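Under my numbering, the first residue of the sequence shown is numbered 587, with each subsequent residue one higher. Working notes, structure below.
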Amino acid sequence: MNKDILITREKIIIKTSIVGIVTNVLLAGFKAFVGLLANSIAIVLDAVNNLSDVLSSLVTIIGAKLANKAPDKKHPLGHGRIEYLSSLIVAGIIFYIGVVAIIESVKKIIHPQEPDYTFVTLFVIVVAVVAKLVLSHYVSKQGKKVNSGALIGSGKDAFFDAILSASVFACTIFYLVFHISLEAYMGIVISFVIIKAGIEMMRETLHDILGQRADSKMSQEIKQILNEEPQIRGVYDLMINNYGPNKNYASLHIELPDTMCVEEVDRLTRKIEEKVYHKTGVILTGVGVYSHNTKGGLAAEIRNHIQQIVLAHDWALQLHGFYANIEEKSLRFDVVLSFDIDREKALQILLDEIKKAYPEYKIQITPDVDISD
């Protein structure tokens, strides 16, 4: 990715995180003061929650700084995946907040204390709800803008904080009207919501760390760009490797006429590498080539027949890279297999069926994984 874009992205993440830190420090101070005066466990926990949000923002800043470090000999593809680790830490903090809130709420149920609410208490809670909703919208918007999982997670956390503060406000009104305190029970309900959010964020981040299926929209866009070139008969085996937000490297195969010379192929591959990068930001690290029969006739008939044999199986998703050498009596092609069948078993079934149809030919089948749309 362009260095200037990376620097701008880092600045946006840091600026947004600093806004979150300042907002949460002010809210934590007000809530802690009012909560202690009112003897309200819910408000005090809400203040502690704001302080944990400060920690989340600090983690996000550190993660963005480290992720933007220049590549080195040990990490030639950069340090972008550090951001996923910072997102995981933020998710862990959210989960921890939920657990602590449950423990404190249960303690309050076992040892209840009468709260002492005032109109000042109500005012502070309302301000907290509004401030958190505004902060949530701002942080989430900025997170989506720069594709930062940590910022998006912080935005979700701020939204749950607003819900938590709103529930405290509702409990306060209920107590003032009916003189019955429900804040500890409400704290348990909200705690489970917070824990659920933390677990979901952990799951999403772990998918990013492990590596997941390429985004369908991005895959289709890359294939569309390549198919605009008249020489390219098809695009296959697209694999996108992610090394941090907006840092994608890809490899693929293109099918070209068997009449093209190496110089023409070289010129074409350099052209499409530049075109894909400028339009999508994805770096093509490898472009393989399949040879396409241009003479038609018997080769085309064999291809159509074999395609019917292969695609008759629901676990055979696609046939590509087909080439028939009629003189040497050899056939070679790739088959994309579903994850629902054992690769060796599928390969043997296809070999047996095609060998029966073309016993005089040497057959080479390469099984491919269904890695992108």
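We put the CB at the ideal spot given by N, CA and C, even for glycine. All figures in this text were calculated on a predicted structure; none of them were measured in a lab.
Query                                                                                                                                                           : Result
Does the contact criterion of 3 or more C-beta pairs under 8 Å hold for the stretch 704-722 versus the stretch 654-669?                                         : no
Verify whether the separation of the beta carbon atoms of Val921 and Ala943 is less than 9 Å.                                                                   : no
Determine the contact status of Gly621 and Ile683, defining contact as a CB-CB distance below 9 Å.                                                              : no
Looking only at C-alpha atoms, which of Ile759, Gly649 and Tyr670 sits nearest to Asp702?                                                                       : Ile759
Are the stretch 759-771 and the stretch 848-861 touching, with three or more C-beta to C-beta distances below 8 Å?                                              : no
Could you check the C-alpha separation between Met587 and Tyr909 for me, to the nearest Å?                                                                      : Legend: pLDDT at Met587 = 48, less than 50; position of this residue unreliable, no value from coordinates given.
With DSSP as the reference, please indicate the residues paired to Gly830 in a beta bridge.                                                                     : Looking at the DSSP assignment, Gly830 forms no beta bridge with any residue, so it has no partner.
Let me make sure I understand the geometry here. Which of Ser726, Gly867, Val821 and Leu613 has the alpha-carbon closest to that of Asn834?                     : Gly867
Just the Cα atoms here: how many angstroms apart are Gly735 and Gly741?                                                                                         : 10 Å
Along the chain, where does the alpha helix (DSSP H) containing Phe755 start, and where does it finish?                                                         : Gly735 to Phe764
Could you name the residues that DSSP lists as bridge partners for Val921?                                                                                      : Leu905 and Pro953
For the candidate residues Pro698, Gly649, Lys617 and Asn635, whose alpha-carbon lies nearest to that of Glu596?                                                : Gly649
Starting from Ser673, trace the alpha helix (DSSP H) in both directions and tell me its first and last residue.                                                 : Ile668 to Ile696
Taking the straight line between their C-alpha atoms, what separation do you get for Leu641 and Ala677?                                                         : 12 Å
Would you call Ile780 buried or exposed, if buried means 16 or more other Cβ atoms sit within 10 Å of its Cβ?                                                   : buried
Helix, strand or coil for Asn911, going by three-state DSSP, please let me know.                                                                                : strand
Using the DSSP secondary-structure output, state which residues sit across from Tyr835 in a beta bridge.                                                        : Asn827 and Ile869
Whose CA, out of Pro816, Val775 and Asp823, lies closest to the CA of Leu854?                                                                                   : Pro816
For Ser924, which residues of its own chain have a beta-carbon under 7 Å away from its beta-carbon, when the five flanking residues on both sides are left out? : Trp901, Leu903 and Asp956
Tell whether a beta-carbon distance below 9 Å holds between Ile795 and Leu674.                                                                                  : yes
DSSP state of Tyr876, grouped into three classes?                                                                                                               : strand
Taking the alpha helix (DSSP H) that Lys809 falls in, what are its first and last residues?                                                                     : Ser802 to Asn813
Do Leu631 and Glu669 count as a contact pair if the criterion is CB distance below 9 Å?                                                                         : no
Between the alpha carbons of Asn890 and Gly883, how many angstroms are there, rounded?                                                                          : 11 Å
Along the chain, where does the alpha helix (DSSP H) that runs through Ala898 open and close?                                                                   : From DSSP, Ala898 is part of no alpha helix (DSSP H); its letter is neither H nor E.
According to DSSP, is Glu946 helix, strand or coil?                                                                                                             : coil
Using 10 angstroms around the beta-carbon of Ile696, count the other beta-carbons present and answer buried if the total reaches 16, otherwise exposed.         : exposed
Check the C-beta distance from Ile949 over to Leu917 and give it rounded, since I have them as a contact under 8 Å.                                             : 5 Å
For Ile766, count the other beta carbons within 10 Å of its own beta carbon; 16 or more makes it buried, fewer makes it exposed. Which is it?                   : exposed
Within 10 angstroms of its Cβ, does Ser643 collect 16 or more other Cβ (buried), or is it exposed?                                                              : buried
What does Glu841 pair with, by DSSP beta-bridge criteria?                                                                                                       : Gly820 and Tyr876
For Ser767, name the three-state secondary structure that DSSP assigns.                                                                                         : coil
Are Ser777 and Val685 close, meaning C-beta to C-beta below 9 Å?                                                                                                : yes
Which one of Leu737, Leu824, Lys617 and Val706 has the shortest CA to CA distance from Thr602?                                                                  : Leu737
Determine the burial state of Ser626: buried for a count of at least 16 other Cβ atoms within 10 Å of its Cβ, exposed for fewer.                                : buried
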